[in-house]
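Participant: Quick one: this structure, given as structure tokens, is what I'll be asking you about.
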Amino acid sequence: MKIGIVGPADRAVAWEEHLRPHRSVKEVVITAHIKDIGDVDACLILEDSDDKVNILLKAIRMGYHSFMVSSLPTSQSDIEKIYHTAEEANVLLQFAHWPTFAPASQWMSQKVSKPTFLNIVREISYTQFLENNHSLDYYWIDELAYSLKWINGNVHHIDVNTVNLQAGKDRAIHLLLRFDSGATANIFVNSCSSTNRHQRFAADQTFLLDCDVHSQSVRLGKNNDQQHLFFEKQSFDATRAAEIASTQFLKSIQLNKATQFNGYDLLKLANEVSRIKDRLL
């Protein structure tokens, strides 16, 4: 395959290093503009400007399988346009939802394919929150996307509670999702903590998983023959997420199957975000 990379040269070179080791990749083309990409089989779009959706739509209309390496689009109308354009063009899409591609997440989803219980706590120190310059929405949408993708079912009920002072900005949010399958997802995000903490706890009928997201370490618990709980621990290298994402993208193209975080996943996310924001009005 011939793969194009659209974006700044320094980032493009880093992504080229993830692509080159794959035997299916014969050539990599780097360009700053989508119009100059030439005849390629697929492209990576390293763009986080306001024009990123238009660039992606151009790539889709040119018939390129596309991996958008940027923050997730949030406009529901943009997402619907992206999804339907890709369906009409019969091209594969992948989006860089890093919680899905994190090595610990990949291992956890192999152990528990569809959790019946998921609890996520993300606390960001207020100093870091100000430095990162992301809104509270950025954090809870990230965790919501992770929950929807892993549990992979229809949400029939959502409870939403926020913390704000004197009708000011939301400082924390609590979401409780109930799925048709009976599964539940509990998400708490706090932007004014004194310390950073990011924990995900999941379980089905066989295993429980306790993940420290920052360290990418996971404790897997299960019962032995005497019904005593015992644990094994796994640690993962967080820097492998980009390698995993590029590998999954190439495999999806070769096998002509849906990518791990695709246009349909993004559309489902947009629908639930819209429901939640309606509740916040």
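Residues in the sequence shown are numbered from 3 upward in steps of one, following my numbering.
Built from N, CA and C at the ideal position, the CB exists for glycine as well.
Go through its chain and collect everything with a Cβ distance to residue 224's Cβ below 6 Å, but skip five positions before and after it.
Facilitator: Counted from its first residue, the sequence shown places residue 224 at position 222. These residues qualify, in order along the chain: 209.
Participant: From residue 124 to residue 102, what distance separates their C-alpha atoms?
Facilitator: As a working note, residue 124 is residue 122 in the sequence shown. As a working note, residue 102 is residue 100 in the sequence shown. About 16 Å.
Participant: Candidates 104, 6, 88, 137: which alpha carbon is nearest residue 240's?
Facilitator: As a working mapping, residue 240 is identified with position 238 in the sequence shown. Minimum Cα distance to residue 240 is reached at 104.
Participant: What are the partner residues of residue 44, as DSSP defines its beta bridges?
Facilitator: For the purposes of this step, residue 44 is taken as the residue at position 42 of the sequence shown. In the DSSP output, where bridge partners are listed per residue, residue 44 has 5, 67.
Participant: Could you check where the alpha helix (DSSP H) with residue 13 kicks off and where it finishes?
Facilitator: Within the sequence shown, the letter at position 11 stands for residue 13. Element bounds for residue 13: 11-21.
Participant: Out of 63, 122, 42, which one is the CA nearest neighbour of residue 199?
Facilitator: What you label residue 199 is simply residue 197 of the sequence shown in a count that begins at 1. If we check each option's Cα against that of residue 199, 122 comes out closest.
Participant: On the premise that residue 181 lies in contact with residue 158, defined as a C-beta separation below 8 Å, what is that separation, rounded to the nearest angstrom?
Facilitator: Reading the sequence shown from its first residue, position 156 is the one you call residue 158. Reading the sequence shown from its first residue, position 179 is the one you call residue 181. At roughly 7 Å, the Cβ-Cβ gap stays under 8 Å, so residue 158 and residue 181 are in contact.
Participant: At which residues does the beta strand (DSSP E) containing residue 184 begin and terminate?
Facilitator: In the sequence shown, the residue the question calls residue 184 occupies position 182. Looking at the DSSP string, residue 184 is not in any beta strand (DSSP E), and its letter there is neither H nor E.
Participant: My guess is that residue 178 and residue 188 are in contact by the Cβ rule of under 8 Å, so how many angstroms apart are they, rounded?
Facilitator: Position 176 of the sequence shown, counting from 1, holds the residue named residue 178. Position 186 of the sequence shown, counting from 1, holds the residue named residue 188. Their Cβ separation, rounded to whole angstroms, is 6 Å, which keeps residue 178 and residue 188 in contact under 8 Å.
Participant: Just to confirm, are residue 126 and residue 193 a CB contact at a threshold of 8 Å?
Facilitator: For the purposes of this step, residue 126 is taken as the residue at position 124 of the sequence shown. For the purposes of this step, residue 193 is taken as the residue at position 191 of the sequence shown. It is a contact, given that the beta carbons lie within the stated cut-off.
Participant: On the premise that residue 116 lies in contact with residue 212, defined as a C-beta separation below 8 Å, what is that separation, rounded to the nearest angstrom?
Facilitator: Position 210 of the sequence shown, counted from the first residue, corresponds to residue 212. Position 114 of the sequence shown, counted from the first residue, corresponds to residue 116. Contact flag wrong, Cβ pair sits at about 18 Å.
Participant: Since I believe residue 85 is in contact with residue 269 (beta carbons under 8 Å), could you give me their beta-carbon distance rounded to a whole number of angstroms?
Facilitator: As a first step, residue 269 is located in the sequence shown; it is residue number 267 there, counting from the start. As a first step, residue 85 is located in the sequence shown; it is residue number 83 there, counting from the start. Contact between residue 269 and residue 85 is confirmed by a C-beta separation of about 5 Å, below the 8 Å threshold.
Participant: Along the chain, where does the alpha helix (DSSP H) containing residue 112 start, and where does it finish?
Facilitator: Counting from 1 along the sequence shown, the entry for residue 112 is found at position 110. Taken as a continuous stretch (DSSP letters only), the alpha helix (DSSP H) holding residue 112 covers 105-113.
Participant: Does DSSP put residue 170 in a helix, a strand or coil?
Facilitator: Position 168 of the sequence shown, counted from the start, is the residue given in the question as residue 170. If DSSP states are grouped into helix, strand and coil, residue 170 belongs with coil.
Participant: Between the stretch 146-165 and the stretch 229-240, are three or more C-beta pairs nearer than 8 Å?
Facilitator: no
Participant: Could you give the DSSP three-state label for residue 211: helix, strand or coil?
Facilitator: In the sequence shown, counting from the first residue as 1, residue 211 sits at position 209. DSSP places residue 211 in strand when its eight states are reduced to three.
Participant: Considering just the uninterrupted stretch of the beta strand (DSSP E) at residue 236, what are its terminal residues?
Facilitator: Position 234 of the sequence shown, counting from 1, holds the residue named residue 236. Here the beta strand (DSSP E) through residue 236 covers 231-237.
Participant: Apply the 10 Å Cβ neighbour rule to residue 202 and answer buried if 16 or more other Cβ atoms are within range, or exposed otherwise.
Facilitator: Taking the sequence shown and counting its residues from 1, the one referred to as residue 202 is at position 200. With 16 or more Cβ atoms within 10 Å of its Cβ, residue 202 is classed as buried.
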